[in-house]
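Those protein sequences? They're chains G and C, same order as listed. Just so we're aligned: the first sequence equals residues 1 to 471 in the numbering used here. Just so we're aligned: the second sequence equals residues 472 to 942 in the numbering used here.
Number of protein chains: 2
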Amino acid sequence: MSEQHVRNRPASHVIDAAVRELTAKFGNQVVTSQAVRHQHGHNLSWTPNQSPDAVVYPQSTEEVAEIVRICLSHDVPVIPFGTGTSLEGHVNAPYGGVSVDVSQMKEILAVNVDDLDCVVQPGVTRKALNDYLRDTGLFFPIDPGADASIGGMTSTRASGTNAVRYGTMKDNVLSLTVVTPDGKIVKTARRARKSSAGYDLTRLFVGAEGTLGIITEITLRLYGIPEAISAATCQFPTLKAACDTVIETIQSGLGIARIEFVDEMSVRAMNNYSKLGLAEVPTLFLEFHGTEAGVEEQVKRFGEMAAERGGGPFTWATKPEDRNKMWQARHDMFWAMQTLKPRPDMSSFATDVCVPISRLADCVTETQKDAEQHGVISAILGHVGDGNFHSGPVFDPKDPADVAKAQAFAERLVDRALKMGGTCTGEHGVGQAKIKFMKVEHSPETLDLMRTIKRAIDPKNIMNPGKVLDA
Amino acid sequence: MSEQHVRNRPASHVIDAAVRELTAKFGNQVVTSQAVRHQHGHNLSWTPNQSPDAVVYPQSTEEVAEIVRICLSHDVPVIPFGTGTSLEGHVNAPYGGVSVDVSQMKEILAVNVDDLDCVVQPGVTRKALNDYLRDTGLFFPIDPGADASIGGMTSTRASGTNAVRYGTMKDNVLSLTVVTPDGKIVKTARRARKSSAGYDLTRLFVGAEGTLGIITEITLRLYGIPEAISAATCQFPTLKAACDTVIETIQSGLGIARIEFVDEMSVRAMNNYSKLGLAEVPTLFLEFHGTEAGVEEQVKRFGEMAAERGGGPFTWATKPEDRNKMWQARHDMFWAMQTLKPRPDMSSFATDVCVPISRLADCVTETQKDAEQHGVISAILGHVGDGNFHSGPVFDPKDPADVAKAQAFAERLVDRALKMGGTCTGEHGVGQAKIKFMKVEHSPETLDLMRTIKRAIDPKNIMNPGKVLDA
Numbered sequence: 001m002s003e004q005h006v007r008n009r010p011a012s013h014v015i016d017a018a019v020r021e022l023t024a025k026f027g028n029q030v031v032t033s034q035a036v037r038h039q040h041g042h043n044l045s046w047t048p049n050q051s052p053d054a055v056v057y058p059q060s061t062e063e064v065a066e067i068v069r070i071c072l073s074h075d076v077p078v079i080p081f082g083t084g085t086s087l088e089g090h091v092n093a094p095y096g097g098v099s100v101d102v103s104q105m106k107e108i109l110a111v112n113v114d115d116l117d118c119v120v121q122p123g124v125t126r127k128a129l130n131d132y133l134r135d136t137g138l139f140f141p142i143d144p145g146a147d148a149s150i151g152g153m154t155s156t157r158a159s160g161t162n163a164v165r166y167g168t169m170k171d172n173v174l175s176l177t178v179v180t181p182d183g184k185i186v187k188t189a190r191r192a193r194k195s196s197a198g199y200d201l202t203r204l205f206v207g208a209e210g211t212l213g214i215i216t217e218i219t220l221r222l223y224g225i226p227e228a229i230s231a232a233t234c235q236f237p238t239l240k241a242a243c244d245t246v247i248e249t250i251q252s253g254l255g256i257a258r259i260e261f262v263d264e265m266s267v268r269a270m271n272n273y274s275k276l277g278l279a280e281v282p283t284l285f286l287e288f289h290g291t292e293a294g295v296e297e298q299v300k301r302f303g304e305m306a307a308e309r310g311g312g313p314f315t316w317a318t319k320p321e322d323r324n325k326m327w328q329a330r331h332d333m334f335w336a337m338q339t340l341k342p343r344p345d346m347s348s349f350a351t352d353v354c355v356p357i358s359r360l361a362d363c364v365t366e367t368q369k370d371a372e373q374h375g376v377i378s379a380i381l382g383h384v385g386d387g388n389f390h391s392g393p394v395f396d397p398k399d400p401a402d403v404a405k406a407q408a409f410a411e412r413l414v415d416r417a418l419k420m421g422g423t424c425t426g427e428h429g430v431g432q433a434k435i436k437f438m439k440v441e442h443s444p445e446t447l448d449l450m451r452t453i454k455r456a457i458d459p460k461n462i463m464n465p466g467k468v469l470d471a
Numbered sequence: 472m473s474e475q476h477v478r479n480r481p482a483s484h485v486i487d488a489a490v491r492e493l494t495a496k497f498g499n500q501v502v503t504s505q506a507v508r509h510q511h512g513h514n515l516s517w518t519p520n521q522s523p524d525a526v527v528y529p530q531s532t533e534e535v536a537e538i539v540r541i542c543l544s545h546d547v548p549v550i551p552f553g554t555g556t557s558l559e560g561h562v563n564a565p566y567g568g569v570s571v572d573v574s575q576m577k578e579i580l581a582v583n584v585d586d587l588d589c590v591v592q593p594g595v596t597r598k599a600l601n602d603y604l605r606d607t608g609l610f611f612p613i614d615p616g617a618d619a620s621i622g623g624m625t626s627t628r629a630s631g632t633n634a635v636r637y638g639t640m641k642d643n644v645l646s647l648t649v650v651t652p653d654g655k656i657v658k659t660a661r662r663a664r665k666s667s668a669g670y671d672l673t674r675l676f677v678g679a680e681g682t683l684g685i686i687t688e689i690t691l692r693l694y695g696i697p698e699a700i701s702a703a704t705c706q707f708p709t710l711k712a713a714c715d716t717v718i719e720t721i722q723s724g725l726g727i728a729r730i731e732f733v734d735e736m737s738v739r740a741m742n743n744y745s746k747l748g749l750a751e752v753p754t755l756f757l758e759f760h761g762t763e764a765g766v767e768e769q770v771k772r773f774g775e776m777a778a779e780r781g782g783g784p785f786t787w788a789t790k791p792e793d794r795n796k797m798w799q800a801r802h803d804m805f806w807a808m809q810t811l812k813p814r815p816d817m818s819s820f821a822t823d824v825c826v827p828i829s830r831l832a833d834c835v836t837e838t839q840k841d842a843e844q845h846g847v848i849s850a851i852l853g854h855v856g857d858g859n860f861h862s863g864p865v866f867d868p869k870d871p872a873d874v875a876k877a878q879a880f881a882e883r884l885v886d887r888a889l890k891m892g893g894t895c896t897g898e899h900g901v902g903q904a905k906i907k908f909m910k911v912e913h914s915p916e917t918l919d920l921m922r923t924i925k926r927a928i929d930p931k932n933i934m935n936p937g938k939v940l941d942a
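Rendered as structure tokens:
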């Protein structure tokens, strides 16, 4: 099989020619101001800003195809951009090129209530979609912390707090329209709920981080809002008690909808930022979905399993506004973590790993010890039903030794997860920052197969180069 | 992009040389008897027998890799074989070559109870797996009619009666070990419940029908056996009443586990074969999973929704043996359909389509009318929660006009489903028999992308040639 083809930054006269052609075609949809380019070369990760040479705002699939064809003809990189909230360096432009910002493609094209699906453009955000769905009795469950775009969530194979019951983006995309690196428009599948008609092109693009094409339309599964929803926090004497309760809950087939772990330090951060007033001990955030009596019984059974391990009692969030406050606090953890900084000029970054759930307590405990030993401030929280957790080390960006210390902590975290049969990222993606771990996680044969696919679909390596796979 | 490369049947001296080399290496694991070759060139479809030149029974991933390397060096086709129960011509050898029968690779390599997963060899069947799991409190839900191999079920993206709650093979494979057409061994992913670490190679092989490699190990999700299970049949005055009840059930988020439709003629076939004694009217087979009170309430709510449309009452199968009898009758439908034959020398084949659920009643009604108009005997039944249904036209294999009539009926069924936004196969796969529909279902660009992937991974087209994509 094949080695990844090297990509170089195009010469400036090449870029100029491409931008001229784009401007002739798209007028003021093409922006080259320093501020806009800078904004598009940045994200919430600690990777340095790498600005594109131009930003284009397409309005339609056909316009995206035209942009890609122009860039291809000049051999200029194309970088898809949604809301820029990714965490591992997905939208930066290490080889320059054209950022294709889909934020103006934010139409909800269809909602098929009887079929429980909808068709959206990639710039629609998850909150905008759920606002739009409010009167239909349906909802879309995937909820990363940020109000990310559906296109970006598809590209990073995102998940969130509902994954234990509703799955990740991989499970909830029925079909995609994609502009491939040759400027063609490919519809990956029909709208039927399932199909065995050929290769799963849908899943090929979900999680490909824009390296195989630009997603321009997404057909999503929707779900009926359950008749009854109860949410609560439940506190535990130890992390292990919390994890063991989770394992038993899932084995029992209770069908819990959300089950989120926050460690002592995370609770402190949440108390700082969201005024929750919780005791600073290991805590689960829970949500039960079902019929009235079904939810009542789930709660009772969970309560028994928790009590056996010293957990409880529950603090209920019964009113919708209390429930929203509780989950908003969970979603705001990226910002809450900033309150753990000893000084305001310090920084932090978010990383994530995922391990088989039986190893979760071990992995979190060892990570907490590691932080203590090395003097790293880092809260831990996660989607405990999936074995997926996050850590956000705090560091001083002006002190190279401190930066290195935080990075080394994150690298040990990944090594630890991989040794336990886990993965270097459960939901954030590879971007630039985790490319180095791909070699540890996957065998040379596995990476070779990924490169073979990339080279076959994008022979000139114009599509988001420098992400997912190394050069 | 690329055209599919043509494949020819190798010259007999080439085949002989390959078989000699295989025999030198694998001794009596290589079989060339007429009877065994014939058995491996056949399946439950109406496609003609196309025997391989030899059958090899590997014992391990390494042996599969060695077989593939030998076949590749001679440019001889390789056809993976599980239990031979596929329905669209997946295991036939249209270009001759070597059938790789994995039935001796039937070890359950690991069951990780706390992680709710297991690792199996491809020859393990779904019933063997669930028998093995019985004492763990866990089960594997995917259940095509036949006791198929897990390898074959993975390769056809199979599903069955539990898909509405538990998904299909696509949703339940965590990782695969695959021997690629170059004889390398690729592990697609780690055992973690979810990952965003690179391209989704797992889903690339799920449903690829052995055209991209041979699956030699499968890591599967398992589920806790629910505390309470209730099963029932519920009869309706019309098909539309049944379908509308299903749509409302799913919208309401009730979390029903199985919801299967059988039409009047299917009930007659089931009564013939399994002595169910049901009235010959549109009928739903239902199963509710959850806690005791939760199931009770689901049943009550479903009963209300059914009654509003004239459905009911329920006939309960509360004892496990009654429940097993009821579902066995559903799984035996392929055989029950044979009882609809006016003469024992007549034949029938099974076909499947899947449409958005809002179109299901229309699609089934039009298909029933079509059968009546054209004098085709064909029962209809399906996984109504997914919009997926089956039809089994009866025909006289010795009468070319009757064969053509049955085939034309099946083709009109596919056309009808495609016009309604559906797919030419929800769970059986493409094999040989549905290749012609791929051009109708997918655009030239979409098929081109599939061919690009096939050519990149299998440049010599040795892996199950003549399936999924045309030459």
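Idealized CB from N, CA, C, for every residue including glycine. Computed from a predicted structure; not experimentally measured.
Against chain C, the beta carbon of threonine 452 (chain G) has neighbours under 7 Å at Ala927 and Ile928, listed in chain order. For the stretch 70–88 of chain G, there are no residues whose beta carbon sits under 7 Å from a beta carbon of chain C. In terms of Cβ geometry, valine 549 (chain C) and glycine 555 (chain C) do not form a close pair [threshold 8 Å]. Secondary structure at methionine 736 (chain C): helix, using DSSP grouped into helix, strand and coil. For lysine 187 (chain G), the enclosing beta strand (DSSP E) stretches over residues 185–187. At a cut-off of 8 Å between beta carbons, glutamate 912 (chain C) contacts chain G. The CB of lysine 184 (chain G) comes closer than 7 Å to the CB of Glu916 in chain C, given here in chain order.
In the structure shown, the three-state DSSP call for serine 723 (chain C) is coil.
Serine 73 (chain G) sits in a helix when the DSSP states are folded into three classes.
For the pair serine 646 (chain C) and alanine 495 (chain C), the Cα-to-Cα distance works out to about 33 Å. Taking 7 Å as the upper bound on Cβ-Cβ separation, chain G lies near residues Val826, Pro827, Ile828, Ser829 and Asp857 of the stretch 826–857 of chain C.
Of the residues G:Ala317, G:Ser266, G:Gly255 and G:Tyr273, the one whose Cα lies closest to the Cα of arginine 301 (chain G) is G:Gly255. At a C-beta separation below 8 Å, isoleucine 486 (chain C) has no neighbours in chain G, since its nearest C-beta there lies roughly 27 Å away. Residues Pro226, Ile229 and Ala257 of the same chain have their beta carbon placed closer than 6 Å to that of histidine 289 (chain G), with the five preceding and five following residues left out of the count. For the stretch 554–637 of chain C, the continuous alpha helix (DSSP H) assignments of 4+ residues that do not extend past its boundaries occur at 597–604, 621–626 and 634–637, in sequence order. Proline 342 (chain G) sits exposed, since fewer than 16 C-beta atoms from the chains shown fall within 10 Å of its C-beta.
Identification of chain C residues near proline 226 (chain G) by a Cβ-Cβ cut-off of 7 Å yields Gly724, ordered along the chain. DSSP places isoleucine 828 (chain C) in the helix class (H, G or I) of the three-state scheme. With respect to chain C, the C-beta atom of threonine 291 (chain G) has a partner C-beta closer than 8 Å. Closer than 8 Å to the CB of glutamine 903 (chain C) there is not a single CB belonging to chain G. Here the stretch 139–154 of chain G makes no contact with the stretch 237–252 of chain G; the two share fewer than three CB pairs at distances below 8 Å. Taking all protein chains shown into account, valine 539 (chain C) has 16 or more neighbouring C-beta atoms within 10 Å of its C-beta and is therefore buried. Where isoleucine 686 (chain C) is concerned, the enclosing beta strand (DSSP E) starts and stops at 685–692.
For the stretch 3–80 of chain G, the full-length beta strand (DSSP E) segments reaching 3 residues or more read 54–56 along the chain. Contact check for phenylalanine 860 (chain C) against aspartate 886 (chain C) fails: the beta carbons are separated by 8 Å or more. Taking the Cα positions, serine 737 (chain C) is about 5 Å away from alanine 850 (chain C).
Against chain G, the CB of lysine 598 (chain C) has no partner CB under 8 Å away; the residue lies outside that interface. Cβ atoms of valine 535 (chain C) and valine 569 (chain C) stay farther apart than 8 Å, at about 11 Å. For methionine 270 (chain G), there are no neighbours in chain C by C-beta distance under 7 Å, as the nearest C-beta there is about 24 Å away. Under a 10 Å Cβ-count criterion, tryptophan 517 (chain C) is classified as buried, with 16 or more other Cβ atoms of the shown protein chains found around its own Cβ.
For the pair of segments examined, the stretch 667–681 of chain C was found to touch the stretch 417–430 of chain G: the number of CB pairs separated by less than 8 Å reaches three. As the crow flies, the alpha-carbon of phenylalanine 395 (chain G) is around 29 Å from that of glycine 207 (chain G).
Secondary structure at serine 745 (chain C): helix, using DSSP grouped into helix, strand and coil.
The beta carbons of serine 626 (chain C) and proline 519 (chain C) sit about 21 Å from each other, so the pair does not count as a contact at 8 Å.
Residue pairing by DSSP places arginine 258 (chain G) opposite G:Glu287 in a beta bridge. Checking the DSSP bridge columns, you'll see tryptophan 787 (chain C) partnered with C:Ala703.
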